[in-house]
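Using this note's numbering, read the sequence shown as starting at 16 and increasing by one per residue.
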Amino acid sequence: MISAADLRSADPVRKRKVAYAIGQAARDFGFFRICDHGIHPDLIEATYDAARDFFRQPEATKQQYYIANSSNHRGYVPFTEKGDYADEIHRSYEAFDLGLDLPADDSDYLAGNRMLGPNVWPKISGFRRTVTSYYNEVAELGRLVCAALEMYLGLRQGAMTQHMTKPISQLRLLHYVRGSETIDHKSVNMGAHTDYECLTLLHTRNAGLQVLGQDDVWIDVPADPAVLVVNIGDMLEAWSNGFLRSTPHRVLNLSPERYSMPYFVAANHDTVIRPFDELVEPDTAPRYSPFRAGDHLERMLVRDFPYLRAKASSGIGAPTQNPFENRIKKTGP
Ligand SMILES: O=C(O)CCC(=O)C(=O)O
Ligand SMILES: [Fe+2]
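Structure below.
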C-alpha cells in the first residue's frame, strides 16, 4: 500500500520519493493500492449513493438512458449488453458510463467523434453534481499519478500528460448482481481482460476483483474503502515500450451484490501512442507499432458492446482480439 499524499507535495524530494514507490510497484506488479489519495470519503459515498439511486430505478426508466441511444458512448449499459469474454460464466452486471462532459457545440462532437461530447444525465436529484465532482477529482488524481510515472520513467515533464488535455477517459459506475442460481461463488462474472487506457483508478466496496500475478496466479484484491486500486493499461504499456505491463484482471461472483467505480485515464482521442524514444534501447526497434488512442479504445469497445456492432453506421469494424491480452491464461481461481 502506498500513501499518495506526497503526490501533492510542494517538496520535490518527497514528490520524487512517492513517484519512485509508485513506479516500482507499477513495474513489479502492474497494479498497486494507494491510500491518502485526497478524495474525500464523503464524496466517494455520495457517488455510490448516486449509483444506487440510478440502478434501483425500474428497467424501463434506465433504458431511457441506454448507451446505444448516444453517439458518443454515454449512458446505461444493461445486464443484457454482453461482450465477448470467453471465460465469463455468470456474467451479471449493469453499468453507467460517462466521460469528459463537453458542450453540445464541441467541435469534435459535432464532427462525429465516437468518444467525445456531452454526458447523458439521469433525472435524479444531485446525481449530476455528485458524479461530476467525483469525475473531476479522480481525473486530477489520475494526472498526478501519470506525472509521477513520467518522473519514474525518466521522461520529460508532460511527456504523457500533455496528451491528456481532452482525454477519452471514462468513469464507469458498476453494479454486479449475483443471480440466485449462481452456486459457484468463484465463477467469473466480469471476464479476464486488460484495460485499454493508460491507467485505471478503481474504487470498490466489495471483494471479488482478482489480478493476474507474474507467475500466472490470480491474486485476490481486498476491498478497502480507504483505498484506490491502480492498474496499468494498454496505452501505457505501449508508451513505455513494455517496461510497464497492462495487467489482466477479472471479477468473481464473491458478493451477492457489488459496486465499483473504475476511472480509466486515457490520452486524447487523436494522440498517437508510440514508445517513447527514451525507453527504446539504441539500435533496437520499438516493441509496439504506433496506434491512435481513440482507435484502440473503439476497436476494443466494439468487442465489449454488441450495440456498437449492431450500428451499421458506427464504422468501427469487426471485433478483434486485444493484442495486449495475450498474457491471459484461462486458469482457474
Ligand atoms: O469492478 C471491478 O472491480 C473491476 C472492473 C473492471 O475491471 C473494468 O470495468 O474494467
Ligand atoms: Fe478492467
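Ideal Cβ placement from N, Cα and C applies to all residues, glycine included.
Only a predicted model underlies this, so the values are computations on that prediction, with no experimental measurement involved.
- Ser122 has its CB no nearer than 6 Å to any heavy atom of ligand 1.
- Of the candidates Phe306, Asp43, Phe291, Phe291 places its Cα closest to the Cα of Ala300.
- The beta-bridge partner set that DSSP reports for Tyr91 consists of Tyr81, Phe111.
- Here Gly309 carries a helix assignment [DSSP, helix/strand/coil].
- When secondary structure is reduced to three states using DSSP, Tyr278 falls in the strand class.
- By the 16-neighbour rule on beta-carbons within 10 angstroms, Tyr91 is buried.
- Taking the C-beta atoms as reference points, Asp235 is found no nearer than 7 Å to Phe279.
- Here the C-alpha atom of Asp99 lies approximately 14 Å from the C-alpha atom of Tyr108.
- Collapsing the DSSP output to three states places Trp254 in a helix.
- The beta carbon of Val266 lies closer than 6 Å to those of Asn204, Met205, Gly223, Leu224 in the same chain, with the five residues before and after it left out.
- For Ile59, the closest of Gly248, Ala34, Leu188, Ala207 by C-alpha to C-alpha distance is Leu188.
- Leu294 has its alpha-carbon roughly 46 Å from the corresponding atom of Asp68.
- Burial is judged here by how many other beta carbons sit within 10 angstroms of a residue's own beta carbon; Tyr35 has fewer than 16 and is exposed.
- The Cβ-Cβ distance between Asn221 and Ser148 does not fall below 7 Å.
- Secondary structure at Gly45: coil, using DSSP grouped into helix, strand and coil.
- Between ligand 2 and the CB of Asp99, the shortest heavy atom gap is not smaller than 6 Å.
- Close CB contacts of Ala41 within its chain, under the 7 Å cut and outside five residues either way in sequence, are with Phe47, Leu164, Ile247, Leu259 (chain order).
- DSSP places Val245 inside the beta strand (DSSP E), whose first and last residues are 243-247.
- In the displayed model, Asp123 falls within a helix according to three-state DSSP.
- In the structure shown, Leu168 adopts coil according to DSSP, grouped into three states.
- Bounds of any beta strand (DSSP E) do not take in Ile59; it lies within the alpha helix (DSSP H) bounded by 56-70.
- If you look at Tyr191, you'll find it in the beta strand (DSSP E) that goes 185-192.
- Taking all protein chains shown into account, Val287 has fewer than 16 neighbouring C-beta atoms within 10 Å of its C-beta and is therefore exposed.
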